[in-house]
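S.K.:
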Amino acid sequence: MPARAGMNRSLAAPHQRNWDLRAAGNFVFGGTGAGLIMTAAAAAVSGAPFRLALAIGLVSVMIGLSLVWLEIGKPWRALNVFFHPRTSWMTRESIVAGALIPAGLVAVALASPIAAVAATPLACGFLFCQARILHAARGIPAWRQKELVPFILATGLAEGSGLYLLAGAGSFPWLALALFAGLLREAAWLAYRAGLARTPGAARSRAIFDTQAGRLAQHAQLAALVLIALALALTGFPAVSLPLAAAGGALAALAGWVLKALLITRAAFTRAAAVPVIPVRGSGGGPVRR
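Take any residue in the sequence shown, count from 1 to its spot, add 2: that is its number in the numbering used here.
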(Lines of atoms letter the chains of each structure in order from A and count residues from 1; the text may use other names and numbers.)
(Lines give C-alpha, C1' and ligand atoms only; values in the text may rest on other atoms or scores of the structure.)
Protein backbone atom coordinates (compact mmCIF):
# COMPACT_ATOMS: atom_id res chain seq x y z
CA MET A 1 0.00 0.00 0.00
CA PRO A 2 2.72 2.57 0.82
CA ALA A 3 4.45 1.77 -2.47
CA ARG A 4 1.25 2.30 -4.38
CA ALA A 5 0.55 5.60 -2.60
CA GLY A 6 4.09 6.79 -3.31
CA MET A 7 3.70 6.03 -7.00
CA ASN A 8 0.35 7.82 -7.14
CA ARG A 9 1.97 10.91 -5.64
CA SER A 10 4.78 10.77 -8.19
CA LEU A 11 2.24 10.69 -11.03
CA ALA A 12 0.26 13.67 -9.74
CA ALA A 13 0.31 16.67 -12.06
CA PRO A 14 2.80 19.25 -10.74
CA HIS A 15 2.15 22.97 -10.86
CA GLN A 16 4.15 25.11 -13.26
CA ARG A 17 6.75 27.17 -11.41
CA ASN A 18 7.93 29.55 -14.13
CA TRP A 19 5.16 32.18 -14.08
CA ASP A 20 4.06 34.00 -10.93
CA LEU A 21 1.96 37.09 -10.20
CA ARG A 22 4.29 39.24 -12.28
CA ALA A 23 3.53 37.15 -15.35
CA ALA A 24 -0.15 37.21 -14.45
CA GLY A 25 0.13 40.99 -14.24
CA ASN A 26 1.01 41.13 -17.92
CA PHE A 27 -2.27 39.47 -18.80
CA VAL A 28 -4.21 41.54 -16.25
CA PHE A 29 -2.81 44.95 -17.14
CA GLY A 30 -2.16 44.18 -20.80
CA GLY A 31 -5.59 42.72 -21.45
CA THR A 32 -7.41 45.51 -19.63
CA GLY A 33 -5.29 48.13 -21.37
CA ALA A 34 -6.01 46.68 -24.80
CA GLY A 35 -9.74 46.59 -24.04
CA LEU A 36 -9.66 50.17 -22.81
CA ILE A 37 -7.82 51.30 -25.95
CA MET A 38 -10.49 49.69 -28.11
CA THR A 39 -13.23 51.34 -26.07
CA ALA A 40 -11.46 54.70 -26.30
CA ALA A 41 -11.25 54.34 -30.08
CA ALA A 42 -15.00 53.76 -30.23
CA ALA A 43 -15.46 56.87 -28.09
CA ALA A 44 -13.24 58.85 -30.45
CA VAL A 45 -15.37 57.87 -33.43
CA SER A 46 -18.57 58.92 -31.65
CA GLY A 47 -17.14 62.24 -30.48
CA ALA A 48 -17.02 61.26 -26.82
CA PRO A 49 -13.97 62.01 -24.62
CA PHE A 50 -11.25 59.48 -25.32
CA ARG A 51 -7.79 60.87 -24.60
CA LEU A 52 -7.66 60.02 -20.88
CA ALA A 53 -9.03 56.52 -21.42
CA LEU A 54 -6.57 55.91 -24.23
CA ALA A 55 -3.66 57.17 -22.14
CA ILE A 56 -4.63 54.94 -19.22
CA GLY A 57 -4.93 52.00 -21.59
CA LEU A 58 -1.43 52.60 -22.93
CA VAL A 59 0.01 52.93 -19.44
CA SER A 60 -1.70 49.70 -18.45
CA VAL A 61 -0.17 47.84 -21.39
CA MET A 62 3.28 49.23 -20.52
CA ILE A 63 2.90 48.22 -16.87
CA GLY A 64 2.03 44.68 -17.94
CA LEU A 65 5.07 44.44 -20.19
CA SER A 66 7.28 45.90 -17.47
CA LEU A 67 6.14 43.21 -15.02
CA VAL A 68 7.25 40.51 -17.45
CA TRP A 69 10.58 42.27 -17.86
CA LEU A 70 11.06 42.35 -14.09
CA GLU A 71 10.29 38.64 -13.83
CA ILE A 72 13.23 37.67 -16.04
CA GLY A 73 16.29 36.73 -14.02
CA LYS A 74 18.56 38.70 -16.37
CA PRO A 75 16.23 41.47 -17.63
CA TRP A 76 18.43 42.56 -20.53
CA ARG A 77 17.88 39.15 -22.08
CA ALA A 78 14.36 40.40 -22.77
CA LEU A 79 15.73 41.79 -26.04
CA ASN A 80 15.94 38.19 -27.26
CA VAL A 81 12.16 38.09 -27.35
CA PHE A 82 12.19 40.10 -30.59
CA PHE A 83 14.19 37.48 -32.49
CA HIS A 84 11.62 34.70 -32.93
CA PRO A 85 8.58 36.11 -34.75
CA ARG A 86 7.99 32.92 -36.75
CA THR A 87 7.68 30.65 -33.73
CA SER A 88 6.87 32.69 -30.63
CA TRP A 89 3.60 34.41 -29.77
CA MET A 90 5.49 36.30 -27.07
CA THR A 91 7.69 37.77 -29.80
CA ARG A 92 4.61 38.74 -31.79
CA GLU A 93 3.07 40.32 -28.70
CA SER A 94 6.20 42.44 -28.20
CA ILE A 95 6.32 43.50 -31.85
CA VAL A 96 2.64 44.49 -31.84
CA ALA A 97 3.15 46.40 -28.58
CA GLY A 98 6.10 48.20 -30.18
CA ALA A 99 3.72 49.56 -32.79
CA LEU A 100 0.70 50.02 -30.52
CA ILE A 101 2.35 52.28 -27.96
CA PRO A 102 3.69 54.91 -30.42
CA ALA A 103 0.41 54.91 -32.35
CA GLY A 104 -1.55 55.42 -29.15
CA LEU A 105 0.76 58.18 -27.96
CA VAL A 106 0.27 60.03 -31.24
CA ALA A 107 -3.50 59.76 -30.82
CA VAL A 108 -3.29 61.13 -27.27
CA ALA A 109 -0.89 63.94 -28.13
CA LEU A 110 -2.82 65.12 -31.19
CA ALA A 111 -6.30 64.29 -29.86
CA SER A 112 -6.76 62.55 -33.19
CA PRO A 113 -9.72 60.20 -33.62
CA ILE A 114 -8.11 58.87 -36.81
CA ALA A 115 -4.96 57.90 -34.94
CA ALA A 116 -7.06 56.35 -32.18
CA VAL A 117 -8.91 54.23 -34.72
CA ALA A 118 -5.59 53.26 -36.31
CA ALA A 119 -4.45 51.92 -32.93
CA THR A 120 -7.51 49.66 -32.63
CA PRO A 121 -6.34 46.73 -34.79
CA LEU A 122 -3.01 46.84 -32.96
CA ALA A 123 -4.81 46.59 -29.60
CA CYS A 124 -6.87 43.67 -30.94
CA GLY A 125 -3.69 42.03 -32.20
CA PHE A 126 -1.97 42.50 -28.86
CA LEU A 127 -4.88 40.87 -27.03
CA PHE A 128 -4.96 38.01 -29.53
CA CYS A 129 -1.23 37.40 -29.05
CA GLN A 130 -1.76 37.21 -25.29
CA ALA A 131 -4.45 34.58 -25.76
CA ARG A 132 -2.25 32.54 -28.07
CA ILE A 133 0.71 32.72 -25.68
CA LEU A 134 -1.34 30.73 -23.18
CA HIS A 135 -2.84 28.42 -25.77
CA ALA A 136 0.64 27.51 -27.03
CA ALA A 137 1.54 25.94 -23.66
CA ARG A 138 1.04 22.33 -24.76
CA GLY A 139 1.71 20.73 -21.40
CA ILE A 140 -0.81 22.73 -19.35
CA PRO A 141 -4.43 21.63 -19.94
CA ALA A 142 -5.97 24.78 -18.40
CA TRP A 143 -4.10 26.93 -20.92
CA ARG A 144 -4.27 24.56 -23.86
CA GLN A 145 -8.07 24.74 -24.11
CA LYS A 146 -9.17 26.15 -27.44
CA GLU A 147 -12.02 27.92 -25.62
CA LEU A 148 -9.49 29.95 -23.65
CA VAL A 149 -8.67 32.17 -26.65
CA PRO A 150 -12.18 33.68 -26.97
CA PHE A 151 -12.36 34.06 -23.19
CA ILE A 152 -9.14 36.10 -23.06
CA LEU A 153 -10.39 38.28 -25.93
CA ALA A 154 -13.83 38.78 -24.37
CA THR A 155 -12.59 39.48 -20.87
CA GLY A 156 -10.13 42.10 -22.16
CA LEU A 157 -12.99 44.00 -23.78
CA ALA A 158 -15.23 43.51 -20.72
CA GLU A 159 -12.52 44.86 -18.40
CA GLY A 160 -11.71 47.83 -20.65
CA SER A 161 -15.33 48.83 -21.26
CA GLY A 162 -16.00 48.36 -17.55
CA LEU A 163 -13.23 50.78 -16.60
CA TYR A 164 -14.63 53.29 -19.08
CA LEU A 165 -17.92 53.16 -17.15
CA LEU A 166 -16.02 53.59 -13.90
CA ALA A 167 -14.66 56.87 -15.28
CA GLY A 168 -18.20 58.22 -15.45
CA ALA A 169 -19.23 57.36 -19.01
CA GLY A 170 -22.73 56.21 -18.18
CA SER A 171 -24.60 57.05 -21.39
CA PHE A 172 -26.47 54.47 -23.46
CA PRO A 173 -23.74 53.49 -25.99
CA TRP A 174 -21.13 52.70 -23.36
CA LEU A 175 -23.55 50.84 -21.14
CA ALA A 176 -24.65 48.80 -24.16
CA LEU A 177 -21.04 48.07 -25.09
CA ALA A 178 -20.14 47.02 -21.55
CA LEU A 179 -23.23 44.81 -21.29
CA PHE A 180 -22.49 43.19 -24.65
CA ALA A 181 -18.86 42.59 -23.66
CA GLY A 182 -19.93 41.16 -20.30
CA LEU A 183 -22.42 38.77 -21.90
CA LEU A 184 -19.80 37.74 -24.43
CA ARG A 185 -17.36 37.04 -21.61
CA GLU A 186 -19.91 35.04 -19.64
CA ALA A 187 -20.65 32.87 -22.70
CA ALA A 188 -16.92 32.41 -23.34
CA TRP A 189 -16.32 31.52 -19.69
CA LEU A 190 -19.07 28.89 -19.67
CA ALA A 191 -17.67 27.42 -22.89
CA TYR A 192 -14.19 27.34 -21.37
CA ARG A 193 -15.41 25.57 -18.22
CA ALA A 194 -17.32 23.07 -20.34
CA GLY A 195 -14.22 22.38 -22.41
CA LEU A 196 -12.12 21.99 -19.28
CA ALA A 197 -14.64 19.49 -17.89
CA ARG A 198 -14.14 17.32 -21.00
CA THR A 199 -10.35 17.38 -20.71
CA PRO A 200 -8.67 14.37 -19.04
CA GLY A 201 -6.30 15.36 -16.28
CA ALA A 202 -7.81 18.82 -15.72
CA ALA A 203 -9.68 18.06 -12.49
CA ARG A 204 -7.22 19.95 -10.29
CA SER A 205 -7.47 23.01 -12.54
CA ARG A 206 -11.26 22.90 -12.40
CA ALA A 207 -11.10 22.70 -8.62
CA ILE A 208 -9.15 25.96 -8.46
CA PHE A 209 -11.99 27.82 -10.14
CA ASP A 210 -14.39 26.33 -7.60
CA THR A 211 -12.47 27.72 -4.63
CA GLN A 212 -13.85 30.69 -2.72
CA ALA A 213 -11.82 33.17 -4.79
CA GLY A 214 -13.00 31.60 -8.03
CA ARG A 215 -16.64 31.58 -6.99
CA LEU A 216 -16.47 35.19 -5.81
CA ALA A 217 -15.00 36.24 -9.15
CA GLN A 218 -17.77 34.46 -11.03
CA HIS A 219 -20.42 36.01 -8.78
CA ALA A 220 -18.85 39.43 -9.34
CA GLN A 221 -19.06 38.81 -13.07
CA LEU A 222 -22.79 38.09 -12.84
CA ALA A 223 -23.38 41.02 -10.47
CA ALA A 224 -21.64 43.32 -12.97
CA LEU A 225 -24.06 42.21 -15.69
CA VAL A 226 -27.06 42.89 -13.45
CA LEU A 227 -25.84 46.34 -12.39
CA ILE A 228 -24.97 47.41 -15.94
CA ALA A 229 -28.34 46.16 -17.21
CA LEU A 230 -30.12 48.15 -14.48
CA ALA A 231 -28.10 51.25 -15.32
CA LEU A 232 -29.03 50.79 -18.97
CA ALA A 233 -32.71 50.56 -18.08
CA LEU A 234 -32.45 53.70 -15.92
CA THR A 235 -30.43 55.96 -18.22
CA GLY A 236 -33.15 58.59 -17.87
CA PHE A 237 -32.29 58.90 -14.18
CA PRO A 238 -28.56 59.68 -14.10
CA ALA A 239 -28.48 60.12 -10.33
CA VAL A 240 -29.25 56.39 -10.11
CA SER A 241 -27.78 55.00 -13.32
CA LEU A 242 -24.30 56.52 -13.01
CA PRO A 243 -23.48 54.92 -9.64
CA LEU A 244 -24.90 51.62 -10.89
CA ALA A 245 -22.77 51.86 -14.03
CA ALA A 246 -19.63 52.67 -12.06
CA ALA A 247 -20.18 49.78 -9.65
CA GLY A 248 -20.91 47.39 -12.51
CA GLY A 249 -17.83 48.53 -14.41
CA ALA A 250 -15.61 48.06 -11.36
CA LEU A 251 -16.94 44.54 -10.76
CA ALA A 252 -16.53 43.65 -14.44
CA ALA A 253 -12.86 44.59 -14.32
CA LEU A 254 -12.23 42.98 -10.93
CA ALA A 255 -13.83 39.68 -11.96
CA GLY A 256 -11.60 39.41 -15.00
CA TRP A 257 -8.47 40.24 -13.01
CA VAL A 258 -9.13 37.57 -10.39
CA LEU A 259 -9.97 34.87 -12.93
CA LYS A 260 -6.82 35.57 -14.92
CA ALA A 261 -4.68 35.61 -11.80
CA LEU A 262 -6.10 32.22 -10.79
CA LEU A 263 -5.62 30.89 -14.32
CA ILE A 264 -1.93 31.86 -14.43
CA THR A 265 -0.78 31.30 -10.87
CA ARG A 266 -2.94 28.52 -9.43
CA ALA A 267 -4.76 26.53 -12.12
CA ALA A 268 -1.71 25.89 -14.31
CA PHE A 269 -1.02 22.24 -13.55
CA THR A 270 1.04 20.33 -16.07
CA ARG A 271 -0.37 17.26 -17.71
CA ALA A 272 -0.04 14.16 -15.53
CA ALA A 273 1.10 10.82 -16.87
CA ALA A 274 -1.73 8.35 -17.45
CA VAL A 275 -0.82 4.88 -16.11
CA PRO A 276 -3.82 2.52 -16.23
CA VAL A 277 -1.84 -0.42 -14.79
CA ILE A 278 0.57 -0.08 -11.84
CA PRO A 279 2.83 -3.01 -10.99
CA VAL A 280 3.03 -3.63 -7.23
CA ARG A 281 5.98 -5.58 -5.87
CA GLY A 282 4.94 -8.64 -3.91
CA SER A 283 1.19 -8.14 -4.44
CA GLY A 284 0.78 -11.76 -5.56
CA GLY A 285 -2.24 -10.80 -7.58
CA GLY A 286 -0.56 -9.20 -10.54
CA PRO A 287 -0.78 -5.54 -11.54
CA VAL A 288 -3.21 -3.16 -9.95
CA ARG A 289 -5.59 -1.56 -12.43
CA ARG A 290 -6.63 2.03 -11.85
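Here a beta-carbon is modelled for each residue, glycine too, at the ideal position from N, C-alpha and C.
Using only alpha-carbon positions, find the residue among A156, P123, S90, L136 that is nearest to A25.
M.R.: Locating residue 25 in the sequence shown gives position 23, counting from the first residue. Checking every option, the nearest Cα to that of A25 belongs to L136.
S.K.: Over the uninterrupted alpha helix (DSSP H) stretch that includes E161, give me the two end residues.
M.R.: One-based indexing of the sequence shown puts residue 161 at position 159. Run containing E161: 150 to 168, per the alpha helix (DSSP H) assignment.
S.K.: Using the DSSP secondary-structure output, state which residues sit across from F271 in a beta bridge.
M.R.: Working through the sequence shown from its first residue, we reach residue 271 at position 269. F271 is bridged to H17.
S.K.: Does the separation of the CB atoms of R295 and H17 fall below 9 Å?
M.R.: Because the chain spans 3 through 292 in this model, residue 295 falls outside it and cannot be assessed.
S.K.: Less than 9 Å between the C-beta atoms of F128 and A193, yes or no?
M.R.: For the purposes of this step, residue 128 is taken as residue 126 along the sequence shown, with counting starting at 1. For the purposes of this step, residue 193 is taken as residue 191 along the sequence shown, with counting starting at 1. Contact: no.
S.K.: Taking 9 Å as the threshold (C-beta atoms), are L168 and G251 in contact?
M.R.: The residue labelled residue 251 in the question sits at position 249 within the sequence shown. The residue labelled residue 168 in the question sits at position 166 within the sequence shown. For G251 and L168, yes; Cβs fall inside 9 Å.
S.K.: Mind checking whether G35 and T157 have CB atoms under 9 Å apart?
M.R.: Taking the sequence shown and counting its residues from 1, one reaches residue 35 at position 33. Taking the sequence shown and counting its residues from 1, one reaches residue 157 at position 155. Their beta carbons are not under 9 Å apart, which means G35 does not touch T157 by this criterion.
S.K.: Which residues in the same chain as F271 place their Cβ atom closer than 6 Å to its Cβ, once the five residues preceding and following it in sequence are excluded?
M.R.: Residue 271 sits at position 269 when you count from the first residue of the sequence shown. Only A15, H17, R206, S207 meet the Cβ criterion.
S.K.: Kindly confirm or deny that the segment 92 to 103 and the segment 115 to 134 touch, where touching means at least three C-beta pairs closer than 8 Å.
M.R.: The answer is yes - the segment 115 to 134 touches the segment 92 to 103, with three or more Cβ pairs under 8 Å.
S.K.: From which residue to which residue does the alpha helix (DSSP H) around Q223 run?
M.R.: The count along the sequence shown starts at 1 and reaches residue 223 at position 221. 214 to 235 is the span of the alpha helix (DSSP H), which, as asked, contains Q223.
S.K.: Taking M40 as the reference, which of L23, R53, G66 has the closest Cα?
M.R.: Mapped onto the sequence shown, residue 40 falls at position 38. Nearest C-alpha to M40: R53.
S.K.: Using a Cβ-Cβ cut-off of 7 Å (strictly less than) and excluding sequence neighbours within five positions of W91, which residues of its own chain qualify?
M.R.: The sequence position of residue 91 within the sequence shown is 89, counting from 1. If we look at W91 and ignore the five residues flanking it on each side, its Cβ neighbours are C131, R134, I135, A138.
S.K.: Could you pull the start and end residues of the alpha helix (DSSP H) that P294 belongs to?
M.R.: It is not possible to answer for residue 294, since the shown part of the chain is limited to 3 through 292.
S.K.: Residues in its own chain within less than 6 Å of A43 by CB, not counting five upstream and five downstream?
M.R.: Residue numbering aside, residue 43 sits at position 41 when the sequence shown is read from its first letter. The answer, listed in chain order, is A118, V119, T122.
S.K.: Decide if V228 is buried, meaning its Cβ has at least 16 other Cβ atoms within 10 Å, or exposed.
M.R.: Locating residue 228 in the sequence shown gives position 226, counting from the first residue. V228 comes out exposed.
S.K.: Kindly list the residues whose CB is nearer than 6 Å to the CB of L244, restricted to its own chain and excluding five residues on each side of it in sequence; keep chain order.
M.R.: For the purposes of this step, residue 244 is taken as the residue at position 242 of the sequence shown. Excluding residues within five positions, the ones whose Cβ falls inside 6 Å are G172.
S.K.: Please determine, among V260, D22, L69, L256, the residue with the shortest C-alpha to C-alpha distance to L298.
M.R.: Since the displayed the chain opens at 3 and closes at 292, residue 298 lies outside it and no answer follows.
S.K.: For W145, tell me which candidate among L265, R200, W21 has the shortest Cα-Cα distance.
M.R.: By one-based count along the sequence shown, residue 145 stands at place 143. Residue L265 is the option with its Cα nearest to W145.
S.K.: Are L246 and L232 closer than 9 Å when you measure CB to CB?
M.R.: Working through the sequence shown from its first residue, we reach residue 246 at position 244. Working through the sequence shown from its first residue, we reach residue 232 at position 230. Yes, the pair counts as a contact, with Cβ atoms nearer than the cut-off.
S.K.: With distance defined between alpha-carbon atoms, name the residue in R200, L236, A249, V151 nearest to C126.
M.R.: Reading the sequence shown from its first residue, position 124 is the one you call residue 126. Nearest C-alpha to C126: V151.
S.K.: Measuring only the C-alpha atoms, how far is E149 from L155?
M.R.: Walking along the sequence shown from the start, residue 149 turns up at place 147. Walking along the sequence shown from the start, residue 155 turns up at place 153. Going by the C-alpha atoms only, they are around 10 Å apart.
S.K.: Can you give me the C-alpha to C-alpha distance between V277 and L38, rounded to a whole angstrom?
M.R.: Reading the sequence shown from its first residue, position 275 is the one you call residue 277. Reading the sequence shown from its first residue, position 36 is the one you call residue 38. Since pLDDT at V277 reaches only 43, below the 50 mark, its modelled position is unreliable, and the value read off the structure follows with that caveat. V277 and L38: Cα-Cα distance of roughly 47 Å.
S.K.: For my contact list, L234 and L159 are in at a C-beta cut-off of 8 Å; report their separation, rounded to the angstrom.
M.R.: Taking the first residue of the sequence shown as position 1, residue 234 is located at position 232. Taking the first residue of the sequence shown as position 1, residue 159 is located at position 157. In fact, because the Cβ distance is near 17 Å, the residues do not count as touching under 8 Å.
S.K.: Is W191 near Q147, with beta carbons less than 9 Å apart?
M.R.: Here residue 191 corresponds to residue number 189 of the sequence shown, with the count starting at 1. Here residue 147 corresponds to residue number 145 of the sequence shown, with the count starting at 1. No, they are not a contact pair.
S.K.: Alpha carbon to alpha carbon, how far is A45 from N31? Give it in angstroms, no decimals.
M.R.: Position 29 of the sequence shown, counted from the start, is the residue given in the question as residue 31. Position 43 of the sequence shown, counted from the start, is the residue given in the question as residue 45. As written in the sequence, residue 31 is Phe, which differs from the Asn given in the question. When rounded, the distance between both Cα atoms is 21 Å.
S.K.: I believe V61 touches N28 by the beta-carbon criterion, under 8 Å. Please report the beta-carbon distance rounded to the nearest angstrom.
M.R.: Residue numbering aside, residue 61 sits at position 59 when the sequence shown is read from its first letter. Residue numbering aside, residue 28 sits at position 26 when the sequence shown is read from its first letter. That pair is no contact at about 14 Å.
S.K.: Candidates A248, G203, G216, L23: which alpha carbon is nearest G141's?
M.R.: Residue 141 sits at position 139 when you count from the first residue of the sequence shown. The option with the nearest alpha carbon to G141 is G203.
S.K.: Helix, strand or coil, according to DSSP, for G49 in the structure here?
M.R.: For the purposes of this step, residue 49 is taken as the residue at position 47 of the sequence shown. Residue state, collapsed to three classes: coil.
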